[in-house]
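Line by line, the protein sequences are chains E and P. Per the working numbering, the first sequence starts with residue 1, numbered consecutively. Per the working numbering, the second sequence starts with residue 476, numbered consecutively. A short write-up of the structure that comes next.
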Amino acid sequence: MLATSHAFKANAHDALHDRVLQRALLNLKSGFQDKRAQTVARLPEWEALRERGREIKNHTLAHLDFYLEAYAAKVEAQGGVVHWARTGADMRDIVLEICRSVGARTVTKGKSMIAEEVALNEFLEEKGIAPIETDLGEYIIQLRHEPPSHIIAPAVHLTKEQVADSFREHHTMLDAARSLVEPRELLDEARAELREKFLAADVGITGANFLVAETGSSIIVTNEGNGDLTQLLPRIHIVLASLEKIVPTLEDATSILRLLARSATGQEFSAYTTISTGPKRPGDRDGPEQYHVVLLDNGRSNMVGTEFQDMLRCIRCGACMNHCPVYSAVGGHAYGWVYPGPMGAVLTPTLVGIEEAGHLPNASTFCGRCEAVCPMKIPLPKMMRHWRERQFERHLTPNAARYGLAVWGFFARRPALYHLAARAGAWLLGTLGRRRGRFASLPLASGWTNTRDMPAPQGATFHALWAARRRAPGR
Amino acid sequence: MADAKAQIIGQIRRALKRDALPPEKTAELSARLATHHRNLIPDRVARDHEALVELFVEMAGAANATITRLDKLSDVPGAVATLLAQENLPAQIVASPALQDLPWDDRPVLTVRFDRAQGSDAVSVTPAFAAIAETGTLMLVSGPDTPSTLNFLPDSHVVVVKSSDVVGPYEDALDRMRARNAGMPRTINFVTGPSRTGDIEQTIQLGAHGPRRLHILLVEGDG
């Protein structure tokens, strides 16, 4: 998908004025935040598990070459094939080649953020192969030709009325008199429509939540069961995964699995956690004849050893965006690419470049909730600050902000002058605003006063108060 | 392809500022892979077997599975027939070949096919390899006599669990799997309740693409 992250400010502005979107976003709190809090409260070991998860991934990343080679050898020893893709284009070509090797016409897909990252659907369509998304949310946005707005709830930006409209438009066999008012009715319609597709597909493509070096297995975590039907029924199963999905052992995977569902949906465990190891065995009555894994780098190996390495611990649970005040206000589409919210603000500049995505690290109030809820303890605000520094160093920050910072820097390096200017400014504003106690407009501060009043300063400056407190007797 | 692998591995090593790991380090990491070291296991499973069975029942129920407790394995066909009648379902089921030895003939009205599932099957019956009390999770292992399609295609999935197969954490179930000495199965399904989705306005609906109902028959004895 083509990134429009450079337009974040305009996108966010539009999103704030989109009433339907704002109504849909209200569901985030009850749907995600409250449920997560309740489930986490039931597990006294939560903080210790987070720390353990962090250690497992840090250990893995420090020996990433070893674990990837061990994993690939195990997959191949059990009859699977591992393909290495340096770029998104490489991954697309590998998938196309596998599809063509069996003359595939239709491909069912479980939810895969990697497929979104490399824009696989558009590519397959161009080549005459029909990809069919089977996750309900992904299916809905595929009908609407929209990108996902959330990494685990791709259609969270839509209301049920919008979903009903899309089904009526695309399901041509649908009886016009049939009610599509309730979520239950919408689900039954999609279930019936997709059941046929599952049974007819030539190739099934899924993502992976984990790759296990010990056993050469891939693990998917779903609630709908669509991922399992996708990988069980067709002749070929293709797993799309990025390098950092690897963990050493099954025990390392179960340890992180205890964090994943609770962080993502507030469930104790997702309905389906499936460990897949190689193709159909002798005597098996079902299962795919071929099992392929395509491992994607796409810039991740460049993150190893840098200040952004911590981001490779991410398990894509979505907790950071569910708890982000900026995401909650503007939704996922405003971020302009595949990964929204705080994790997207850190990851997107790495993958599409700071020139394109320079605004995203600024889409934060630095309230710190994302880091507090992150199951892998990723210091997201710190990494957004790193990006802001790089943006400044590379002169990508707007001139107004640069001049503003230069002026502030001039005073900050001269404390006596700073205190004098602060006192003079506070006195001036305090005097001018004495009557109303606030300003409806101020020069150079329209960004603030366009939407709310600026309070007039009262009394002494912070520095003066601080100094007075330290001098006060009895302290 | 080999070229892409070499380039990616090479780039990772450059980023880590080192060459391939020395033999003593790879031996250490290989040992880590071989020892199945456990990380932190939640305290909630530190209880005796009887209490674990109760925890399993509680957690599976919380995940919207329904549970019937039976005295012995030979009660399974009768319990399945009762269930079909209660739910107004046709007396036609597809079952894992692994369950062929149960006394199905006691229920002549019931038509049982022992095979993988097809798209038209409404009810399946399968055995569980283990049941994990920690989260009320079933562990279903694929094999010639336990096809995985039975776990996903039918609308109603009935799972037979022997109470002696109830364990505390996932790790106990993995150890049992390794003790078979049959290598990794092609598919391990951890199933916790019926299929569900929250994709439309965050409202949880059961029965997305997999089974709408998950019914567990928990059997005390072996007979």
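Glycine included, each C-beta is placed from N, C-alpha and C at the ideal position. Note that the structure is a prediction, hence the values are computed from the model and not measured.
Chain order gives the chain E residues near residue 480 of chain P as 84, where near means a beta carbon separation below 7 Å. Residue environment for residue 428 of chain E: exposed (fewer than 16 other C-beta atoms within 10 angstroms of its C-beta). Contacts with chain P (Cβ-Cβ distance below 9 Å) from the region 14-38 of chain E involve 24, 27, 28, 30, 31 and 32, listed in chain order.
Between residue 604 of chain P and chain E, the shortest Cβ-Cβ separation is not below 8 Å.
Of all residues in the region 232-253 of chain E, only 232, 233, 243, 248, 249, 250, 251 and 252 place a beta-carbon less than 8 Å from a beta-carbon of chain P. Residue 67 of chain E counts as buried, since no fewer than 16 other beta carbons sit within 10 angstroms of its beta carbon. With respect to the 8 Å criterion, residue 241 of chain E and residue 151 of chain E are not classified as neighbours on the basis of their beta carbons. Taking a 10 Å sphere around the C-beta of residue 225 of chain E, we find 16 or more other C-beta atoms and assign the residue as buried. Taking C-alpha positions only, residue 597 of chain P is separated from residue 142 of chain E by approximately 29 Å. In the three-state scheme derived from DSSP, where H, G and I count as helix and E and B as strand, residue 452 of chain E is classed as coil.
When 9 Å is used as the limit between beta carbons, residue 275 of chain E is near these residues of chain P: 659, 660, 662, 663, 664 and 665, in chain order. Fully contained in the region 38-72 of chain E are the following alpha helix (DSSP H) runs of length 4 or more, in chain order: 46-62. Here residue 16 of chain E is exposed: its Cβ has fewer than 16 other Cβ atoms, across all protein chains shown, within 10 Å.
Annotated as distal: residue 641 of chain P and residue 651 of chain P, with beta-carbon spacing of 8 Å or more. E:430 is the residue among E:465, E:430 and E:445 whose C-alpha sits nearest the C-alpha of residue 438 of chain E.
By the neighbour-count definition (other C-beta atoms within 10 Å, threshold 16), residue 181 of chain E is an exposed residue. Under the criterion of beta carbons closer than 8 Å, residue 684 of chain P and residue 558 of chain P do not qualify as touching, at roughly 22 Å.
Contact between the region 618-635 of chain P and the region 669-688 of chain P is present: 3 or more CB-CB pairs across the two stretches fall below 8 Å.
The closest CA to that of residue 605 of chain P, considering only P:566, P:662, P:638 and P:624, is found on P:638. As computed with DSSP, residue 621 of chain P is found in a beta bridge with P:618. DSSP places residue 339 of chain E in the coil class of the three-state scheme, outside both helix and strand.
Secondary structure note for residue 409 of chain E: its alpha helix (DSSP H) is the uninterrupted segment 399-412. Using beta-carbon distances, residue 651 of chain P does not count as an interface residue toward chain E, since no partner is under 8 Å. If you ignore the 5 residues before and after residue 599 of chain P, its C-beta comes within less than 6 Å of the C-beta of 569, 592, 625, 629 and 632, all in its own chain and listed in chain order. The alpha helix (DSSP H) runs of length 4 or more contained entirely in the region 215-240 of chain E are, from start to end of the chain, 226-232.
With 16 or more other CB atoms across the displayed protein chains lying within 10 angstroms of its CB, residue 644 of chain P is buried. Residues of the region 669-690 of chain P with a C-beta atom less than 8 Å from some C-beta of chain E are 669, 670, 671, 672, 673, 674, 675, 676, 677, 678, 680, 682, 683, 684, 685 and 686, listed in chain order. Residue pairing by DSSP places residue 637 of chain P opposite P:694 in a beta bridge.
Interface annotation, residue 576 of chain P: not in contact with chain E, CB-CB separation never under 8 Å. By the neighbour-count criterion, in which a residue is buried when 16 or more other Cβ atoms sit within 10 angstroms of its Cβ, residue 478 of chain P is exposed.
Separation of residue 649 of chain P and residue 448 of chain E (C-alpha to C-alpha, rounded to the nearest whole angstrom) is 58 Å. When the beta-carbon positions are compared, residue 495 of chain P and residue 488 of chain P come within less than 8 Å of each other. For residue 281 of chain E, the nearest beta carbon of chain P is closer than 8 Å to its own beta carbon. For residue 523 of chain P, no Cβ of chain E is located within less than 8 Å of the residue's own Cβ. For residue 133 of chain E, the enclosing beta strand (DSSP E) covers residues 130-133. Between residue 539 of chain P and residue 681 of chain P, the C-beta spacing is below 8 Å.
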